[in-house]
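These protein sequence lines are chains A and B, in that order.
Under the numbering used here, read the first sequence as residues 442 to 1116, first letter to last.
Under the numbering used here, read the second sequence as residues 52 to 660, first letter to last.
Cβ atoms here follow ideal geometry from the backbone N, Cα and C, with glycine treated the same way.
Here the structure is a predicted model, which means the values were calculated and not measured.
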Amino acid sequence: MNPLFLKAKVKHCLSIIFVVVVCNCTYAIDSIPDSSFNEQIKSTDAYLLYNYTDVAYTKSWRSYRRHTTVESKMVINNRSGVEKYAFLNLNNSLAEQLESIRIKTLKADGSVLELDSSLVFRHKPTEGQMGQVNYPIPGVEPGDTIEVFFTFSERLEENELGNFVYLFGEVPSINTEYSISVPPYLNIKYKLYNDFPEPYIVTSDTLVYCLFKKESAFGVSQNQYTCAPCELPHVYYSVYDENREAKIWKDVYNLEFNVITQPLLVDRRNSSHYKRWKRRVLREARDSTKYHKLELLLDDIYTNFSIEPTIMEEVIKSSGFFIKRNRFDPLSIRRLYRQILEDLEIDYWAVFARSKRMGNIDPYFIRNQEFDHIFFAYEDDKGSLNLLYPHEIHFKFQPGEIPTSIYNTEAVIAKPYREKKIKRKDRFIRRDLNLAEVDSVVTDIVKLPGMDANLNYIRQIYYCDVDIKNQSASFHSVLSVSGGLSTDIRSFFGLLDHNKDVSDFYDALAEYEGHDISMKIDTITRIDLKDYRPFIFNIGAEGTAQKGISFINDSIVSITLNDLIQHNQIESEDDSIDLNYYLDYSFSDQNIFIVTFPVTIELLGQESFNKEIENDYGKYTFNLQVVNKNQLSVQSSYSIIRDVIPNDDYDQLKQLNDFLKETNNLRILVKLKDI
Amino acid sequence: MKSIFTGFFVLILLFVIPTNVKTQDIQVSSRSEHIQVDSDTSYTVNVTVMLKANSVPVVYPIFYDHELEQVYDLEVHRKKRNRFRTFNDPVITEETIDLDHITSKKVKYIFIPADTETKITYKISCNELMYFADLRFFSFFQTDTIRYRVSIPEMFSFSYIATHTDLLDHLTIDSLKTDNFYEWNIELTPVKVEPDPLMYFGIYRNRKLPILRTVVVPKAFKNNEESYLNNWFLGKSESVKALDTAAKEKIDELTLGLTDSTMILEAIYNFVKSNFKYVSIQIGMGAFIPSHVNEVFINKQGDCKDLSNFLCEALNYKGIESYLALAATYDHISDCDFPSLGSANHVVCVAYIDGNPVILDPTDPIHIPNKPVQSIQGSTILIINPDGGEYHEVETFSPQQNGISYEIELAAYSDESLLEGGFKVRYEGISGNFLKRTILDLSDDKIDRLTNQHYKLVFNHQSVNEIRFLNHQDSITAEGDLSVKGKIFHDENNQILFIDFLPGLIESEQRETLLDGTFIGNTISKNVKLQITMDRKFEPFDPVSHVFSENGASLSLKISNPSDYIIKYEYDFILDHILMDGENTEIVNQILNAFKRISNEPIILKSKS
């Protein structure tokens, strides 16, 4: 993940928290019939009578200011609405910029109660401490209305003039407006997404005014799978000086790629370590192609270097410094990759990508700090584009492996336009700490690779041997994970390995949930990872079946499917969802059991069980049969074949999951013959 | 059931602060505290902490309440050549403790460099003697020795009670009298407390910690310390009473036409539970003393002490004698059986109807009068009254009062491996509270969905339909259709029946066995009757029964055949514990495992020709 993005993300998240909790804006869909909207505002915990946000940009000398006024009125319908919404929540950075605030409770009996805002600030987090102001709004009972008015002002850099306008929230809103006003020497450029209605625009000699407006906007609930920017109407606008050009990709390249990848040549003492390391690794490969050399170097990094958290004092250290210590951090590894690529004279691109559920990149309306993934791509001797994603603290990526959150997304690739070879002085940041900025870049749009359900799979195969004498069953098994599942599972293991708190939490969760292990592993026999797509990760094991296969008497064995079969379903607990589900990838999940008995067997009741359901989004098949007279073959396969499940078709996901549960509830009885 | 009155309890804060401080590997060779009580009822604590050298930099925290306590003379000394030298410019930051409630708690972080033996000294002073309420015999850091020295002027009496000291390897307590002081010297090897993430899931395993609860009272109150605490609390809360006209008018409006005390009590109690939101604001002494009743009425918010105080005043106004009571909830480190502020973490209201105490907890939205307050069942409360205070044992419903009865009738269609029929269930007492909490404030649609999901889980993912769920004030009833697939088989000689879809013993828990620290919430007496009418005759068999009984938990299970076609399966489960605390967990788990094993075993019926 792009380290610079964190700063932007924190800021973005905080403003989202603010918008959602305080403003509770609404989203704009024009085709909602009024009667159902009226139904919703009666049945929800609370609704907004109005919610107005007015933003004014000004320029003073070379600095810019954004002044924001927020006004809203929320009606609380019930006790749950009081518990959820009768609180003032402000992030600390916003609280620092507040100019005025007025919160009133308009009681159903006509009386008015005002929150003493000085109390709010008395209990805000200590200066310099991240946190939220969270203060109860007094006197709110079901039926009352909360009126909120506040203004705040921010000093902004030139590249921060702009914002997303998401007019959606978890409660419905009768009337929502967002206005932007700028003096005539500033321009507003905006773009509407997902059928956002055209704004109302007024210009005069002193003002440019732009109003986005929506009436009767439904409330929407979101969860880990939803992507509001992917489908909800929204706007992005930027404000720029009339004398300046709008942002171009060169700016993004310099500001967001160069800063975090350009190698340093500040501590010359350590630079020899880099050269020595390279010589050592490439000793046997002097005559190889540069691509093979790159492969060798990457392999050595993967095998011999750890990735540790960044230490502030080491931010300006060269690659040699880290090589000497057999460790890198998320910044220095990027600088090393670039240094290697440039040393080997491999033509490379910067890749700017955005996680799927954060919404698409708009390559034609260039915005900065919206890319949470910035990495490398290079063309090999066959002309194929290879992706090189830098290692993270918890996870080392194989060449060509990328985070699953950017599977199948569009990304922008950019590289400097050069007519001559790069000069050595432009390659490094030197003692003056000046970045060597590029003058122009060439760009392209690429679709990042993803894998389908055939490659994204988890497969568990158990070969069980039943011992009639001891009435027990032992097994040897192979767990194979591939594609996105391989990346995710290894990444999760890495997180548990590196973070004791997270590991303790998951241990506690596992203990709390208390799923008894049916197939107890005694020995891990092998672990291997294929370092090429689809990065198949295998774990071989041996053990004993604790549950799932049990003797009823000397001649009948019971198979409890619920104990044996464990699938990873996409959760579907709600009756309906407001927004589509966006999955990182489609996948399949197979459980196979081959149970071998020392005698001939037959199934009680019927000869075999075959169950299957298939719909537009997935498939579940269950097959159980006797093979070779003494073997029971059980195959259960759950697959999700699309990575987007529209909210209208959500019942198909439920249908699939319900069918799986029902099937797994079955008991199977096996009769042992000739004993 | 929100319980806040945690006040100064740093130990509670430490349980919930999600900071990486706790997970640091800080090694402390000794921590010494000298608590000096002054005659003006203020006290000062001189603290010296000796830290061993750590291989990585660490951050040492000092927690305090900036409204009640002053931290001063903070010095950091680093060891150089066998001598500690004052470190002139230590890195110290201060943060507000980020909790769900608004608080005056702060923490100073002292940055300790790697590979350095360090001595930290500081003083904390406080003007409120009642705030000196405990000495902790545990530590979140690896600490070799803790030494407490308590100096009390002879005009005061120092009382204490030690809890769970059996967990300590070393503890000595000595006292001596000097000219004008009594002095106690305590030395111990503290228990190291590991953070337990299970608390995020409502499992409290760290409850049993060694601690010395303390109280310092004027000598005149020696052996009558609860009266002193009672009078102190009464005195402090005197000024926050007296309802104004607006509040009285509202109470009159709510009780208009009601003459029966019970009905008046219910009307006011329901008003507070429904219209006041729970907000914990703990600033200085506000952590212990309620806000003014009129402020609470106007703001329609407060924590347990605020809401209970308003409720008491409202009831007193309507002529129902009511008092506040200090209490300790099930997850607190001790019972409220010693007159120290450290003993309590909750406040409730005790009203008297016909001379009988009725305990009311306005923070528990599903509690109704004359039923036990779930969070403090079986514990001790200290009723604060003008007669010097009174300890009272909170009622616990017996298992029989918390009855749950299931009746399930199914018909077998063995050719389709199908059992079909219906079920009825009734929850008495507070046995259905877990359901009442789940559906609280939900729309009818959501209640339908949730109850459907619940009974699907109860019947082990079988198909349930047409659930009719009724949430009465005193009980809950539900009935619905049940369809069970794949549990019945037959060959030429036998019919085989699995009954693993039967409701489990403890419905409020999803786990098959229980963890130490699990709060069940109520005692249980569960009776489940299953009757299956088979579609093929079978040979009669002698009834089979299993009985398990030990230390407040029992299971009696019987399988019989009243006729050639009918199988009857019945069990009675009784649990007379509400909290799994190690001693009873094993027994209960044995019963749960036995039940699981039996219900997994098939019933084999010999077919009758």
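- Taking B/N503 as the centre and dropping the five residues before and after it, the same chain places the C-beta of V515, I518 closer than 7 Å to its C-beta, in chain order.
- Scanning its chain for C-beta atoms nearer than 7 Å, with the 5 sequence neighbours on each side dropped, one finds around B/F207 the residues V88, V267, V268, P269, K270, in chain order.
- Apart from sequence neighbours up to five positions away, the residues of its chain that approach B/V409 with a beta-carbon distance below 8 Å are L316, V401, A402, Y403, P420, N421, ordered along the chain.
- Distance between B/K369 and B/D438, taken at the CA atoms: about 21 Å.
- Interface residue (Cβ-Cβ distance to chain B less than 9 Å): A/N767 is not classified as such.
- Closest in C-alpha terms to B/S559, from the list B/H505, B/I262, B/A293, B/E146, comes B/H505.
- Distance from the Cα of B/Y320 is smallest, within the candidate group B/N345, B/E364, B/G337, for B/E364.
- DSSP places A/P670 in the helix class (H, G or I) of the three-state scheme.
- Below 8 Å, enough C-beta pairs join the stretch 817–829 of chain A and the stretch 773–792 of chain A to call them touching: three or more.
- Residue pairing by DSSP puts B/V79 in a beta bridge opposite B/L102, B/T194.
- At a cut-off of 9 Å, the C-beta of B/R562 has a neighbouring C-beta in chain A.
- A/L1065 and A/Q1047 have their C-alpha atoms spaced approximately 11 Å apart.
- 9 Å or more divides the Cβ of B/K170 from the Cβ of B/F192.
- Positions of the beta strand (DSSP E) runs, each at least 3 residues long and wholly inside the stretch 457–503 of chain B, are given as 469–478 in order along the chain.
- Under DSSP, A/T884 takes part in a beta bridge, and its partners are A/A855.
- Straight-line measurement puts the Cα of A/K941 at about 54 Å from the Cα of B/L656.
- Around B/F162, the same chain offers V110, V142 as residues with beta carbons nearer than 6 Å, after the five sequence neighbours per side are excluded.
- Remark: C-beta atoms of A/Y626 and A/V879 do not approach each other more closely than 9 Å.
- Proximity of B/K609 to chain A, defined by a Cβ-Cβ separation below 9 Å, is not satisfied.
- Below 8 Å, too few C-beta pairs join the stretch 562–575 of chain B and the stretch 1024–1042 of chain A to call them touching: fewer than three.
- Chain A places a beta carbon closer than 9 Å to that of B/Y251, counting this residue as a contact.
- Secondary structure at B/Y368: helix, using DSSP grouped into helix, strand and coil.
- B/A297 counts as exposed, since fewer than 16 other C-beta atoms from the protein chains shown sit within 10 angstroms of its C-beta.
- With respect to the 9 Å criterion, B/I224 and B/I203 are not classified as neighbours on the basis of their beta carbons.
- With respect to the C-alpha of A/L696, the residue from A/Q665, A/P579, A/I815 having the closest C-alpha is A/I815.
- Distance from the CA atom of B/V79 to the CA atom of B/L222, rounded to whole angstroms, is 18 Å.
- Counting only unbroken stretches of 4 or more residues, no alpha helix (DSSP H) element lies wholly within the stretch 856–932 of chain A.
- Every beta strand (DSSP E) of 3 residues or more that sits fully in the stretch 562–637 of chain B is shown, in chain order, as 575–584, 595–601, 604–611, 617–626.
- DSSP, read as helix, strand or coil, puts B/N282 in helix.
- Judged by DSSP secondary structure, A/Y732 falls within the alpha helix (DSSP H) whose first and last residues are 731–745.
- Straight-line measurement puts the Cα of B/P423 at about 10 Å from the Cα of B/S449.
- Of all alpha-carbon atoms in B/D230, B/T196, B/F209, the one lying nearest the alpha-carbon of B/L239 is that of B/T196.
- B/D354 and B/S331 do touch by the CB rule: their CB atoms are close to 4 Å apart, below 8 Å.
- Closer than 9 Å to the CB of B/E652 there is at least one CB belonging to chain A.
- Secondary structure at B/P653: coil, using DSSP grouped into helix, strand and coil.
- Ranked by how close their Cα comes to the Cα of B/Q546, the residues B/K609, B/I617, B/H512 have B/I617 in first place.
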